[in-house]
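Note sheet for the following structure.
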Amino acid sequence: MSVLREKLDHLIGQTELEVSEKQRGQLVGYVELLNKWNKAYNLTSVRDPQEMMVKHILDSIIVSTHLQGKRFIDVGTGPGLPGIPLSIMNPDCEFYLLDSLGKRIRFIKQVIHELGIDNVVPVQSRVEEFQPEEKFDAVLSRAFASMTDMVEWCHHLPKEQSGVFLALKGQHPRDEIDLLPEWCSVTDIKALQVPELDGERHLVTLSRQG
């Protein structure tokens with residue numbers, strides 16, 4: 001068993017997540033590809049693959065049990081975070097991964113090809129300009145923008161009645177909440193426990209008023 005697989009198993013063992021053998025293999029494969037491509041393409045500031053397991057994999061998949069719906073978009077996905085790990089954890093759901101930089105989208109295409117992931121649609125576009133044929137159950141954002149910018153730029157993406165915005169944040173974002181537009185309200189804030197991650201993590205759910 002590889003060192004990375006041992007690290008992943010150890011981290012998952014500290015959560016209540018159910019992760020199959022296939023999913024564990026794909027998550028390790030993703031980190032291996034990210035580490036390989038990162039040397040040439042500078043996709044993440046995290047250089048140590050074991051650190052990637054904590055800061056990128058666990059920090060993403062810990063959100064999995066809080067997803068509701070079948071159709072999601074990860075805006076400003078970068079190298080596929082949290083979209084790739086969440087797509088691995090939720091093979092019956094559809095994930096659009098959007099970023100404006102070509103090198104990131106090329107990397108994501110390589111990942112889904114090599115790892116056999118068939119529920120991801122990579123999209124190279126600015127978020128304001130992307131007009132999907134069908135809207136989404138949730139718009140995901142991890143390290144994309146302030147919550148105000150997120151809801152303003154992505155207002156056209158969630159389903160009219162039931163769609164939500166999910167913002168993955170560090171500390172409790174009180175200051176950002178105060179600046180949200182009147183049409184948008186916070187419906188839930190969950191404190192997330194990410195094994196071996198320094199600092200707080202919160203998942204903020206936002207929805208349209210009325």
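1 is the number of the first residue of the sequence shown in UniProt numbering; add one for each residue after it.
Don't be surprised by glycine CBs; every beta carbon is placed ideally from N, CA and C.
Where Val3 falls, given that 16 or more other Cβ within 10 Å makes a residue buried: A residue is called buried once 16 or more other Cβ atoms fall within 10 Å of its Cβ, and Val3, having fewer, is exposed.
Taking 8 Å as the cut-off, does the segment 187 to 204 touch the segment 99 to 106 (at least 3 CB pairs, one atom from each stretch)? Output reads no: the segment 187 to 204 does not touch the segment 99 to 106.
On a Cα-Cα basis, can you pick out the residue from Ile88, Trp183, Ile73 that is closest to Val28? The residue with the shortest Cα to Cα distance from Val28 is Ile88.
Where Val121 and Ser45 are concerned, what is the direct C-alpha to C-alpha distance, given to the nearest angstrom? Rounded to whole angstroms, Val121 and Ser45 show a C-alpha spacing of 25 Å.
Determine the burial state of Arg174: buried for a count of at least 16 other Cβ atoms within 10 Å of its Cβ, exposed for fewer. It is exposed - the Cβ of Arg174 has fewer than 16 other Cβ atoms within 10 Å.
Do Val127 and Leu206 come within 9 Å of each other at the CB atom, strictly closer than that value? No. Outside cutoff.
Using only the alpha-carbon positions, how far apart do residue 253 and Met147 sit? Since the displayed the chain opens at 1 and closes at 210, residue 253 lies outside it and no answer follows.
Give the single residue among His66, Asp137, Asp48 whose Cα lies nearest to the Cα of Phe95. Out of His66, Asp137, Asp48, the CA that lies nearest to the CA of Phe95 is found in Asp137.
Looking at Leu203: is its Cβ nearer than 9 Å to the Cβ of Lys190? Yes, these two residues count as a Cβ contact at 9 Å.
Can you tell me whether His66 is buried or exposed, with buried defined as 16 or more other CB within 10 angstroms of its CB? Answer is exposed; the Cβ neighbour count stays below 16.
Could you tell me if Trp183 is buried or exposed, where buried requires 16 or more neighbouring beta carbons within 10 angstroms of its beta carbon? Exposed.
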